[in-house]
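Just so we're aligned, residue 10 is where the sequence shown starts under the numbering used here, counting upward by one.
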Amino acid sequence: MPDTLSPAVTDVVELTRTLVRCESVTPKEAGALQHLERTLEPLGFKCERMDFSQAGTDDVANLYARIGTPRQEEGGRHFCFAGHSDVVPVGDLSSWTIGPFSAELSGGYLFGRGAADMKGAIAAFIDACARFLARRGRDFGGSISLLITGDEEGPAVNGTVKMLKRLAERGETIDDCVVGEPTSSRRFGDMMKIGRRGSMTVDLVVRGIQGHVGYPERLDNPIHRLSALIEALVREPIDKGSAHFQPTTLQFTTVDVGNKATNIAPGVVKARFNTRFNDLWTSKTLLAHLKEHMERANAALGGNGTIEFASVEVSGESFFTPPGPLSALVAGAIRDVAGVEAELSTTGGTSDARFIRSYCPVLEFGLVGETMHKVDEKSAIEDLKTLSRVYETVLDRYFAA
Ligand SMILES: [Zn+2]
């Protein structure tokens, strides 16, 4: 006889509302993880705070909760739901029509920062687990964990990376993982992510010769040089995309001169670009390619101007989990619960799945992401309930008796 639990006492909508009311803008915990602990412990989860610090970064609170086969007697499979309880700032507060942390229900939607990205999905994880455990008991022949970080929208230094490392160090393995990012595009269930493009930010310093604008023959204007270099970089696509990825993109995000004078051409201009790259590249090969391209364009301009790649920050390499049992399992659950065929996509920004993929097969599936990071972020109430049923179906089939 499995030890039976009291029937599910969670409610995905109310749980989401409680989480939204916690103002957990990175790196603040703001009671969000505390509330998760209070909800998970009565369900039988063993909750463990994994708080990390590192010089130069904010301290971050994280939560790891697990139920099922004890670690010491590893047995059965271990399924992990991963996500983040932190949210991005509200931005221009006056543009919100509803308080960003009031979690109001209106017109069939739950409004608030994190409603879509991704407190709604965390609530759905728990709601799904509660119903699954109420039916199957704690001896379902495997284990389920929630790996919730408070540092996804920030530098992502004291969160998922360190949690996974700690689990690995003590010999705890995860067999499969679903991240609850809001991957649905237009309607619930239409898209999941099986990979992501890489992201790299590069700071450039272009030097010329400062001089009086009235004597252009005596100067080498680095603004003009940079504009030609930008043109050379963006004129042609970097690649055409690959089997599962869109073409690599490159966007300049700032150009800085800070020149107050009207009669001086500056000697130096700084600029920054970010590139989102597909699996045809690593950050190394792409950087080499871009450097060569720019140096060639610079040489073609003549003169003595130089380009320096002052700093390069890689926030993630591209990754890809080939379609397989995990994507088939989740796609099947979406099809059967929501009647929608999910596209397997690699579009969009980065997520913590980029860290998890080094440990086990991972994919991302969650709510409609249309309003994520925007004002009046929202999720359809119906979608929250459907997502919870999709996750429950995933658990049922993963731990099929
Ligand atoms: Zn997110």
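Backbone N, C-alpha and C define an ideal beta-carbon position, used for all residues, glycine too.
For Met381, there is no enclosing alpha helix (DSSP H), since its DSSP letter is neither H nor E. When only Cα atoms are considered, Arg216 and Asp126 end up about 42 angstroms apart. Distances taken from the Cβ of Asp160 to the heavy atoms of ligand 1 include none shorter than 7 angstroms. In this structure, Thr35 keeps its C-beta atom at 8 angstroms or more from the C-beta atom of Ala132. Remark: the C-beta of Glu350 is outside contact range of ligand 1, defined as less than 7 angstroms to any heavy atom.
Residue state for Ala91 is assigned as strand, using DSSP reduced to three classes. Contact check for Val377 against Ala342 fails: the beta carbons are separated by 8 angstroms or more. Restricting attention to Leu295, Asn230, Leu404, Ala308, the CA atom closest to the CA of Val277 is found in Asn230. Each of Ile153, Glu386, Met201 was checked against the Cα of Gly84, and the nearest Cα belongs to Ile153. For Asn272, the CB contacts under 8 angstroms within the same chain, skipping 5 residues up- and downstream, are His221, Val222, Gly223 in chain order. Taking C-beta separations shorter than 7 angstroms and ignoring five residues to either side along the sequence, the partners of Ser111 in its chain run Gly121, following chain order. In the structure shown, Gly129 falls within a helical segment according to DSSP collapsed to helix, strand and coil. For the alpha helix (DSSP H) assignment, the uninterrupted runs of no fewer than 4 residues enclosed by the region 106-177 are, from N- to C-terminal side, 128-145.
Closer than 7 angstroms to some heavy atom of ligand 1: that describes the Cβ of Ser360.
Short of 6 angstroms from the beta carbon of Ala74, and not among the five residues preceding or following it, lie these beta carbons of its own chain, in chain order: Leu49, Phe54, Cys56, Leu155. At least 8 angstroms separates the beta-carbon of Asn71 from that of Thr192.
The C-beta of Arg244 has fewer than 16 other C-beta atoms within 10 Å across all chains shown, which makes the residue exposed. If you ignore the 5 residues before and after Val321, its C-beta comes within less than 7 angstroms of the C-beta of Met209, Val211, Leu296, all in its own chain and listed in chain order. Where Gly77 is concerned, the enclosing beta strand (DSSP E) starts and stops at 72-77.
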